[in-house]
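Data block below; observations after.
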Amino acid sequence: MKCEICGTKMAETFLEKVIGTVVKDAKGKKHWVCAKCQSGLKNKDALLAKL
Ligand SMILES: [Zn+2]
Numbered sequence: 007m008k009c010e011i012c013g014t015k016m017a018e019t020f021l022e023k024v025i026g027t028v029v030k031d032a033k034g035k036k037h038w039v040c041a042k043c044q045s046g047l048k049n050k051d052a053l054l055a056k057l
């Protein structure tokens, strides 16, 4: 799984849970965002604007 903003491979825990978040755009499409990009952007709208 890669972050859709910075393209880095996202870290996963031993349970294969990705460290990061999933945001849904207006069409309901899921986008993966790593924790680093998530923390750099204030809210969901700011994240979606980068995708
Ligand atoms: Zn990222």
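For the sequence shown, this note's numbering assigns the number 57 to the last residue and increments by one with no breaks. Even for Gly, the Cβ is constructed at its ideal location relative to N, Cα and C.
| Query | Result |
| --- | --- |
| Between K36 and K30, is the Cβ-Cβ spacing less than 8 Å? | yes |
| Which residues, in chain order, sit with a beta-carbon under 5 Å away from any heavy atom of ligand 1? | C9, I11, C12, C40, C43 |
| Is G26 closer than 8 Å to E9 when the C-beta atoms are compared? | For the record, residue 9 in the displayed sequence is Cys; it is not Glu. Taking 8 Å as the Cβ cut-off, C9 and G26 qualify as a contacting pair. |
| Tell me the residue span of the beta strand (DSSP E) that contains K56. | From DSSP, K56 is part of no beta strand (DSSP E) but of the alpha helix (DSSP H) over 50-56. |
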